[in-house]
Amino acid sequence: MTQDFKRRLRAAERLLGFFIGTPSAATVEIAGFCGYDFAIIDTEHGPAGLETVENMLRAAAMHGMAGLVRVPDSSVASIQRVLDAGADGILVPHVASAAIARDVVDRALFTPQGRRGVALARSSAYGVGDAKAYYATRNQHTVVIVMIEDAEALPVLDEILAVPGIDAVFIGPGDLSASLGHPGAPEHPSVQAAVSDIAAAARRAGLPVATVGRTAADVRRLQAAGIGMVCFNTSAMLAGAMLALKAELS
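This note's numbering numbers the first residue of the sequence shown as 1069 and each following residue consecutively.
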């Protein structure tokens, strides 16, 4: 299934999903029942522990969704543990240099593309089956997405995105706006200029771009710009629905 997700991601097809920051397999299931393409379990800003993450990944797999995890950082422990738990891919925040990007790829992919450690874990069916075939083919399934959201990344975009093994670039407008001195204002002209620069660098590198959206209009606008992967936030969506109902009943 993840091979198909990677193919569709690379082709800039429309892929819709959610950041899920609450530690809830049920929330993943609801997105699956609704027919979304992926779930990004957020362990950078969310409180879910590894055992809960694993169950959320099971819920994604049951519904044919790609189960991705936004890790808190690019460390071996952060990346390897969620991949061993069965994540189809990782979203790594604050990739601000080519050195960080190389570390991410090394920690996410098995040899010869990387240096990921081997283990009898959920991702390898706990050692049941053909281990050689698993290690020979797993890299074809693992999705590696780097987040560009720091001012210091902007002068070295081409260096970062030239690192082999990266599958896509995720533009994080929230942190990017803060890094550029305009927190909470992703619409600021300097932030939008940076977004355009990131998208242009991704095109030069032949990589697809992903980002966040809030509305159907956002999806249509982004898709017209060649951005197919759009991620919504379940907490923001739930809060918005609650506020709208409360206002309607006031």
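No residue lacks a Cβ here, since even glycine has one placed at the ideal position from N, Cα and C. Source: prediction; values computed, not measured.
The alpha-carbon of K1314 is positioned some 10 Å away from that of G1308.
Along the stretch 1155-1231, the beta strand (DSSP E) occurs as fully enclosed runs of 3 or more residues at 1157-1160 and 1211-1216, listed in sequence order. For R1282, the secondary structure class from DSSP, reduced to helix, strand or coil, is coil. Rounded to the nearest whole angstrom, the C-alpha separation of L1151 and D1105 is 19 Å.
If you look at D1265, you'll find it isn't in any beta strand (DSSP E); it sits in the alpha helix (DSSP H) that goes P1257 to A1273. Here E1220 has A1164 as same chain residues with Cβ atoms under 6 Å from its own Cβ, once five neighbours each way along the sequence are excluded. For R1289 and A1246, the gap between their C-alpha atoms comes out near 24 Å.
Remark: fewer than three beta-carbon pairs, one from each stretch, lie closer than 8 Å, so the stretch 1246-1257 and the stretch 1182-1195 are not flagged as touching.
The C-beta distance from G1135 to L1125 rounds to 4 Å, short enough to fall under 8 Å. Restricting attention to Q1071, I1216 and A1128, the CA atom closest to the CA of I1098 is found in A1128. Straight across, the Cα-Cα distance linking D1072 with H1209 is about 9 Å.
Looking only at A1261, A1267, L1177 and P1115, the smallest Cα-Cα distance to M1215 is reached by A1267. Taking P1276 as reference, the option from L1311, D1235, T1283 and A1285 with the minimal CA-CA separation is D1235. With 16 or more other Cβ atoms from the protein chains shown falling within 10 Å of its own Cβ, A1093 counts as buried.
By the beta-carbon neighbour count (other beta carbons within 10 angstroms, threshold 16), F1086 is buried. For M1310 and E1122, the gap between their C-alpha atoms comes out near 29 Å.
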